[in-house]
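**Q** One structure, pasted below without further comment.
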Amino acid sequence: MFRLIADGCNPQHPDYWGTPGDFDQRCVEMAVFGAGLGLTAASFRTYLSGEEFNHLIDWLRCIHNVKLPLNNWSFFPIMVEMGSAWLEKNGDQKSLPTTLRCLTNTTWATAGIAMERAAP
Numbered sequence: 001m002f003r004l005i006a007d008g009c010n011p012q013h014p015d016y017w018g019t020p021g022d023f024d025q026r027c028v029e030m031a032v033f034g035a036g037l038g039l040t041a042a043s044f045r046t047y048l049s050g051e052e053f054n055h056l057i058d059w060l061r062c063i064h065n066v067k068l069p070l071n072n073w074s075f076f077p078i079m080v081e082m083g084s085a086w087l088e089k090n091g092d093q094k095s096l097p098t099t100l101r102c103l104t105n106t107t108w109a110t111a112g113i114a115m116e117r118a119a120p
């Protein structure tokens, strides 16, 4: 499994997963890897070389360069940064206020669907 992760995150490898675009399903997987890093960092460090690990972090950080739907996907950059924070990799804290503001400006948490609230 770790070999597949290493290859998928390496832009020089033929099996590279590629850079995600706007509204890309790969952002869903990035959230899982971010949470996984926070919960099982020792395993990632055991099975990935330093360069492979850095490729993973770089690939995950691509999530901050794309547009995401205003729904539960808004949590995904937070999950990626949680993994980075647990690893003390100085995550992209700049993007978190925007993401958190997006979550507070929707009715997603109360109505179960994402829709922007009307301005007061």
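Heads up, the sequence shown is in UniProt numbering, so the first residue is 1 and it goes up one at a time.
For every residue, glycine included, the Cβ atom is placed at its ideal position computed from N, Cα and C.
Note that the coordinates shown come from a computational prediction; the quantities given were computed from them, not determined experimentally.
Here's the rule I'm using: 16 or more other beta-carbon atoms within 10 Å means buried, otherwise exposed. How should Ser-84 be labelled?
**A** buried
**Q** Assuming His-64 is part of the alpha helix (DSSP H), what are its boundary residues?
**A** First-last for His-64: undefined, no H or E at that position.
**Q** Straight-line CA distance for Ile-57 to Arg-45?
**A** 12 Å
**Q** Apart from the five residues just before and just after His-13, which ones in its own chain have a Cβ nearer than 6 Å to its Cβ?
**A** Asp-7
**Q** Taking only three categories from DSSP, how would you classify Gly-91?
**A** Caution applies to Gly-91, whose pLDDT of 49 falls short of 50 and renders its modelled position unreliable; the model cannot decide the point.
**Q** By a C-beta neighbour count over all protein chains shown, 10 Å radius and 16 as the cutoff for buried, is Leu-68 buried or exposed?
**A** buried
**Q** For my contact list, Ala-31 and Met-1 are in at a C-beta cut-off of 8 Å; report their separation, rounded to the angstrom.
**A** At roughly 17 Å, the Cβ-Cβ gap does not stay under 8 Å, so Ala-31 and Met-1 are not in contact.
**Q** What span of residues does the alpha helix (DSSP H) with Tyr-16 cover, start to end?
**A** Where Tyr-16 is concerned, there is no enclosing alpha helix (DSSP H), given that its DSSP letter is neither H nor E.
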